[in-house]
Amino acid sequence: MIVGLTGGIGSGKTTVAKMFYELGVSIYIADIEAKNLMHTSKEIKEELIATFGEETYKNGKLNRSYLSNIVFNQPEELKKINAIVHPRVGQHFKDWYAARSKEKYIIKEVAILFENDSYKHCDKIITVVAPLEERFHRLLQRDQTTREAIQSRMNNQWNDAKKIALSDYVIQNEDLEKAKNQVAKIHQEISLLSDKI
Ligand code: ATP
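As numbered in the numbering used here, the sequence shown has no gaps in its residue numbers, which increase by one up to the final residue, 1335.
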């Protein structure tokens, strides 16, 4: 069973995914896998170079700042990157999941689960929410970024209400202990559910 885990930036998706991991659940973090594949997949590398030029990789390593400059305020360019990277991540996830088919369920963390329709491939969906100001605060502390940059990323994501309407579970991630308790409860419920399937 595939359980999709999503939430707006700074809501604490990865923090919550790790709580499931601590309960023995396998977790797939799509953003991290995508970044890894941009380094390790020969096909991605070749296509990125064919599209954006040799400068895309510097000494064999992805030239992240070069790509960031290209996509900055140019959604069409970002679409090109996604069209190269997403299908490979999709295949990578399929192989990863096939190797875990005997597990009751796995957690797949995807930041843009709803926005790109990948929620349709999930059996259950969990959305992580946190107060807006708290999310700004966390991201400003974690990343070298600005309020404006955070806001512009938020503008590209669905709002919480829209996500909640399509979710099976919602985790309020404000107090970490309380979030952990919610994770334990959901883990129990989903484990029982998968016994019945
Ligand atoms: P992004 O979409 O940007 O990857 P995310 O939703 O995965 O973010 P996390 O990376 O899990 O969010 O959390 C963002 C930051 O907030 C991290 O530095 C994390 O340690 C912190 N954080 C997460 N949950 C809490 C919490 N309940 N209380 C305090 N800090 C938290």
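Yeah, the Cβ is synthetic: ideal placement off N, Cα and C, and Gly gets one too.
Only a predicted model underlies this, so the values are computations on that prediction, with no experimental measurement involved.
Among the residues of its own chain, which have a CB less than 7 Å from the CB of residue i, if the five just before and after it don't count?
i: Thr1283; result: Leu1277
Residue i: buried (16+ other C-beta within 10 angstroms of its C-beta) or exposed?
i: Leu1205; result: buried
i: Arg1273; result: buried
i: Gly1365; result: The chain is shown from 1139 up to 1335; residue 1365 falls before or after that span and cannot be answered.
i: Ala1287; result: exposed
i: Ala1135; result: In the structure as shown, the chain starts at 1139 and stops at 1335, and residue 1135 therefore has no counterpart that could be examined.
Once the 5 residues before and after residue i are set aside, which same chain residues still bring their CB inside 6 Å of it?
i: Val1266; result: Gly1145, Ser1149, Gly1150, Lys1151, Val1154, Ile1309 and Asn1311
i: Val1209; result: Glu1215 and Leu1216
i: Val1163; result: Ile1245
i: Asp1261; result: Met1139 and Ile1140
i: Ile1324; result: Tyr1307
i: Gly1228; result: none
For the beta strand (DSSP E) containing residue i, name the first residue and the last one.
i: Glu1247; result: Ile1244 to Glu1247
i: Leu1143; result: Ile1140 to Gly1145
i: Ile1264; result: Lys1262 to Val1267
i: Val1223; result: No beta strand (DSSP E) holds Val1223; the alpha helix (DSSP H) holding it covers Pro1213 to Ala1236.
i: Ile1309; result: Tyr1307 to Gln1310
i: Arg1165; result: Here residue 1165 is Ile; the residue named in the question, Arg, does not match the sequence. Note, Ile1165: beta strand (DSSP E), Ile1165 to Ile1167.
Identify which residue in the options has its Cα closest to the Cα of residue i.
i: Met1157; options: Ile1288, Ala1317, Leu1330 and Lys1246; result: Ala1317
i: Glu1160; options: Ile1244, Tyr1257 and Ala1287; result: Ile1244
i: Val1223; options: Glu1247, Lys1196 and Asn1174; result: Asn1174
i: His1275; options: Ile1147, Arg1238 and Pro1213; result: Ile1147
i: Asp1255; options: Lys1240, Gln1295 and His1230; result: Gln1295
i: Glu1271; options: Lys1262, Cys1260, Arg1285 and Phe1252; result: Arg1285
i: Ala1303; options: Ala1236, Glu1214, Val1209 and Ile1264; result: Ile1264
i: Phe1252; options: Lys1301, Pro1269, Asp1233 and Ala1221; result: Lys1301
i: Pro1269; options: Val1227, Ile1250 and Asp1313; result: Asp1313
i: Arg1290; options: Asn1220, Gly1228 and Asn1211; result: In the sequence as displayed, the identity of residue 1290 is Ser instead of Arg. The shortest Cα separation from Ser1290 among Asn1220, Gly1228 and Asn1211 belongs to Asn1211.
i: Ile1165; options: Leu1331, Asp1281 and Arg1238; result: Arg1238
i: Asn1297; options: Val1227, Ala1249, Asp1169 and Gln1326; result: Ala1249
i: Lys1183; options: Ile1167, Asn1201, Ala1168 and Asp1169; result: Asn1201
i: Ile1170; options: Gln1279, Arg1280 and Phe1231; result: Phe1231
i: Trp1234; options: Glu1192, Ile1167 and Leu1186; result: Ile1167
By Cβ distance, which residues of its chain are closer than 8 Å to residue i, with the 5 residues on each side in sequence left out?
i: Ser1329; result: Lys1242 and Tyr1243
i: Val1321; result: Val1154, Met1157, Phe1158, Leu1161 and Ile1309
i: Lys1199; result: His1177
If I follow the unbroken alpha helix (DSSP H) through residue i, where does it start and stop?
i: Ile1302; result: Asp1298 to Ala1303
i: Thr1153; result: Lys1151 to Glu1160
i: Gln1279; result: Leu1270 to Arg1280
i: Glu1241; result: Premise fails: Glu1241 is in no alpha helix (DSSP H) and is neither H nor E.
i: Glu1181; result: Lys1180 to Phe1190
Any heavy atom of the ligand GTP closer than 8 Å to the beta-carbon of residue i?
i: Asn1293; result: The model depicted lacks the ligand GTP and carries the ligand ATP instead.
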